[in-house]
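Visitor: If you read the sequence shown in the UniProt record's numbering, its first letter stands for residue 1, the second for the next number, and so on.
One structure, pasted below without further comment.
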Amino acid sequence: MTSSPTHSPKFIGSNNSPKFDPSSDIGKFTKEDSKKAVILIVDDKPSNLQVLFTYLEQVGFKVLVAQNGESAIKIAEFALPDLILLDILMPGINGFDTCRKLKAQASTQDIPVIFLTALSETVNQVKGFELGGVDYITKPIEQEEVLARIKTHLTLRKMRQRLAEQNQKLQLEIIQRKQVELQLQERTSQLEKVLNFKALLRRITEKIRDSLDESQILQTATEELAVALQVECCKIELYNSSQTTATIAYETSTALSKYQGTTRKIIDSPQIYQQLLQKQTIKFVNVASEFNHNKRRFSYLACPIFESQGIKGIIGNLWLLRAPAEIFEEFEVKLVQQVAAQCAI
């Protein structure tokens, strides 16, 4: 066989097996690269194994051998070679079936398979490519051809691996960038909420201070909170002197029936009022209330109204209701607490 020197892969020869020019420098595959590469040779004839083993070991590869398809699959799964030279005509599992099983497993499906065969018919070559083989070498095998094809496909594999690593790195960078952008958006959103919170509190405080009497102050508080926090209902209940009952004295409602003037006994809801009477703000969902006759579920926020110096003590509670999926955020709780403090002045 003859070959013409060139710097690109070239098919030569008179038979149906394409032969690469061994002088090709595709990928600049070096001897150092070959020392790192592991080649698995699969052939049922010991003489063929010996010739290929000796030659490939001499040029620097680490070589593994198998004499049948079953052994080849086990070795490939364990050692994960960089390339497989696979004979087609073998007893038991032939080369085609061996390749099919290798390509069906995630751990071995990306290993390049070069078929070794005396079958030069196009139909056999097509079948091999359909099963995932990357190349053919027709027997009798020439050493320079084997080396050239091994170098070519190891280089291509290395390039694919580098490309996959670069893609993975790029994907990681994209994810990290999105995380940074999301964090920035969250911080911006939090800052906007803080600024809006301060402006809203200032506006409500000014309106409350402009009110002429206590009743107007409390009604203004319910109206402003209902609009500002977009709740379905905002109401203020006031305790009697012995704190045994609470009466809804002021209410602003957008969708619910109004229960202004309704009174309930504290003893009927001990868990709720025990916390409120200890000056604790509470949040809960779907708690039945005698004021909620239609039995709808709500997200509740209740905040006690008390004078900070403790002279008046706890005079009542601010209640806000909204859809159960719309949980009250922390900044909203703080806003209600500060408005409640204004109501107690």
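Every residue gets a Cβ at the ideal spot worked out from N, C-alpha and C, and that includes glycine.
Treat the numbers as computed from the prediction; the structure is a model and nothing was measured.
(1) Give me the Cα-Cα distance between arginine 162 and glutamate 70, rounded to the nearest whole angstrom.
(2) Entirely within the region 239-280 and at least 3 residues each: give me those beta strand (DSSP E) ranges in chain order.
(3) For glycine 69, which three-state DSSP category applies?
(4) Roughly how many angstroms lie between the CA atoms of lysine 169 and isoleucine 175, to the nearest whole one?
(5) Quick check: what's the CA-CA separation for serine 269 versus tyrosine 250?
(6) Just the C-alpha distance for leucine 320 and lysine 235, rounded to the nearest angstrom, thanks.
(7) Under three-state DSSP, which class holds isoleucine 314?
(8) Based on the DSSP secondary-structure assignment, which residues constitute the bridge partners of phenylalanine 61?
(9) DSSP three-state call for leucine 301: helix, strand or coil?
(10) Would you report the Cα separation of isoleucine 217 and alanine 323, rounded to the nearest angstrom?
(11) Go through its chain and collect everything with a Cβ distance to glutamine 260's Cβ below 8 Å, but skip five positions before and after it.
(12) Let me check understanding here. Comparing Cα to Cα, which of Gln185, Lys36, Lys283, Arg202 lies closest to asparagine 317?
(13) Could you give the uninterrupted runs of the beta strand (DSSP E) lying entirely in the UniProt domain "Response regulatory" (38-154), keeping only those of 3 residues or more?
(14) Short check: CB of leucine 89 to CB of threonine 98, under 8 Å?
(15) Under a three-way DSSP split, which group does isoleucine 236 fall into?
(16) Excluding the five sequence neighbours on either side, which residues of its own chain have a C-beta within less than 7 Å of the C-beta of isoleucine 327, listed in chain order?
(17) Taking 8 Å as the cut-off, decide whether the C-beta atoms of isoleucine 266 and threonine 245 are in contact.
(18) Just verifying my parser: in three-state terms, what is the DSSP assignment at lysine 31?
(19) With a CB to CB cut of under 6 Å and the five nearest residues on each side skipped, what residues in its chain are close to alanine 340?
(20) What span of residues does the alpha helix (DSSP H) with valine 285 cover, start to end?
(21) If we ignore side chains and look at the alpha-carbon of each, how far apart do glutamate 206 and serine 189 end up?
(22) Within 10 angstroms of the Cβ of alanine 288, are there 16 or more other Cβ atoms? Answer buried if so, exposed if not.
(23) Going along the chain, which residues of its own chain have a beta-carbon closer than 6 Å to the beta-carbon of threonine 263, five neighbours each way excluded?
(24) Throw me the rounded Cβ distance for the leucine 154 and alanine 37 pair, which I believe falls under 8 Å.
(25) Mapping the DSSP letters down to three states, classify leucine 184 as helix, strand or coil.
(26) From Val51, Gln109, Phe96, pick the residue whose C-alpha is nearest to that of valine 126; which is it?
(27) Helix, strand or coil: which one does DSSP assign to phenylalanine 197?
Guide: Let me spell this out:
(1) Cα to Cα, the separation comes out at about 31 Å.
(2) The region 239-280 contains these whole beta strand (DSSP E) runs: 245-253, 263-265.
(3) Reduced to three states, the DSSP call for glycine 69 is helix.
(4) Rounded to the nearest angstrom, the two C-alpha atoms are 10 Å apart.
(5) If you draw a straight line from the Cα of serine 269 to the Cα of tyrosine 250, it comes to about 20 Å.
(6) Between the C-alpha atoms of leucine 320 and lysine 235 there is a straight-line separation of about 7 Å.
(7) In the three-state DSSP reduction, isoleucine 314 falls in the strand class (E or B).
(8) For phenylalanine 61, which the question treats as bridged, DSSP gives no partner whatsoever.
(9) Of the three classes helix, strand and coil, the one that applies to leucine 301 here is strand, per DSSP.
(10) If I take the Cα positions, the gap works out to 27 Å.
(11) Around glutamine 260, the same chain offers Lys235, Ile248, Ala249, Tyr250, Glu251 as residues with beta carbons nearer than 8 Å, after the five sequence neighbours per side are excluded.
(12) Measuring C-alpha to C-alpha distances from asparagine 317 to each of Gln185, Lys36, Lys283, Arg202 identifies Lys283 as the nearest.
(13) Correct list: 38-42, 62-66, 83-87, 113-117, 135-138.
(14) For leucine 89 and threonine 98, no; Cβs fall outside 8 Å.
(15) Looking at isoleucine 236 - three-state DSSP - the assignment turns out to be strand.
(16) When the five nearest sequence neighbours on each side are left out, the beta carbons in the same chain lying within less than 7 Å of the beta carbon of isoleucine 327 are those of Ser299, in order along the chain.
(17) Taking a C-beta distance under 8 Å as the contact criterion, isoleucine 266 and threonine 245 qualify as a contact pair.
(18) For lysine 31, the predicted structure reports a pLDDT of 48, less than 50, and the residue's modelled location is therefore unreliable. A value from the coordinates is still provided. Of the three classes helix, strand and coil, the one that applies to lysine 31 here is helix, per DSSP.
(19) Here the set comprises Cys303, Ile305, Leu318.
(20) Premise fails: valine 285 lies in the beta strand (DSSP E), 282-285, not in any alpha helix (DSSP H).
(21) One alpha carbon belongs to glutamate 206, the other to serine 189, and they sit about 25 Å apart.
(22) Low confidence applies here, because alanine 288 scores a pLDDT of 49, under 50, leaving its location unreliable; read the following figure in that light. Around the Cβ of alanine 288, a 10 Å sphere holds fewer than 16 other Cβ atoms; the residue is exposed.
(23) Once the five neighbours on either side are set aside, the close Cβ partners of threonine 263 are Thr245, Thr247.
(24) The beta-carbon separation of leucine 154 and alanine 37, rounded to 5 Å, stays under the 8 Å limit for a contact.
(25) Leucine 184: helix per DSSP, three-state reduction.
(26) It is Phe96.
(27) Helix, per DSSP.
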